[in-house]
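Let me begin by presenting the structure, written as structure tokens, before commenting on it.
In our numbering, the protein residues as written are 1187 to 1322.
Encoded structure:
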């Protein structure tokens, strides 16, 4: 696993690309980052200063679930490292280039084989989530 502290010290570039809102307060921000080898990652920063205990537990559960599931399927997003303090959570994760909804809106036509491949990948991910009791 990557050390979050070392990872942040060695960042070359930082660009916000997604904000997650929760009850009109921003608790988490996701950044695209490049390390010194120009490898792309997503870094989720969660501010715990204003978070209630249930919210904190949900982020800790996200870390636990990703850690567990990525051992069983390559269709689950990778969690490379994390840091949890009383004040914040940092998660270094695999970074996708585009979300499925945006990609579908840009595509005029999807080849049937390509569609089948995407469906297969999504179903494998959902199967893994069910198989390991994350969703019942």
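Just so it is clear, CB atoms sit at the ideal spot from N, CA and C, and this is done for glycine as well.
Residue 1280 - containing alpha helix (DSSP H), residue span: Within the chain shown, the letter at position 94 stands for residue 1280. Where residue 1280 is concerned, there is no enclosing alpha helix (DSSP H), although the beta strand (DSSP E) it sits in stretches over 1274 to 1280.
Meets three-Cβ-pair contact criterion under 8 Å: the region 1212 to 1225 and the region 1261 to 1271: no
Option nearest residue 1281 by Cα separation, candidates 1300, 1236, 1265, 1305: As a working mapping, residue 1281 is identified with position 95 in the chain shown. Ranking 1300, 1236, 1265, 1305 by Cα distance to residue 1281 puts 1265 first.
CB-CB length for residue 1241 against residue 1213, believed under 8 Å: If you number the chain shown from 1, residue 1241 lands on position 55. If you number the chain shown from 1, residue 1213 lands on position 27. Confirmed, about 7 Å.
Beta-bridge pairing of residue 1269 - partner residues as DSSP gives them: Locating residue 1269 in the chain shown gives position 83, where the first residue counts as 1. 1276, per the DSSP bridge assignment.
C-alpha distance - residue 1305 paired with residue 1278, whole-angstrom precision: The count along the chain shown starts at 1 and reaches residue 1305 at position 119. The count along the chain shown starts at 1 and reaches residue 1278 at position 92. So the two alpha carbons sit approximately 27 Å from each other.
Where residue 1296 falls, given that 16 or more other Cβ within 10 Å makes a residue buried: For the purposes of this step, residue 1296 is identified with residue 110 of the chain shown, where counting begins at 1. Looking at its Cβ environment, which holds fewer than 16 other Cβ atoms inside 10 Å, residue 1296 is exposed.
Sub-9 Å separation of residue 1275 and residue 1227 beta-carbons: Taking the first residue of the chain shown as position 1, residue 1275 is located at position 89. Taking the first residue of the chain shown as position 1, residue 1227 is located at position 41. In this structure, residue 1227 does not lie closer than 9 Å to residue 1275 by Cβ.
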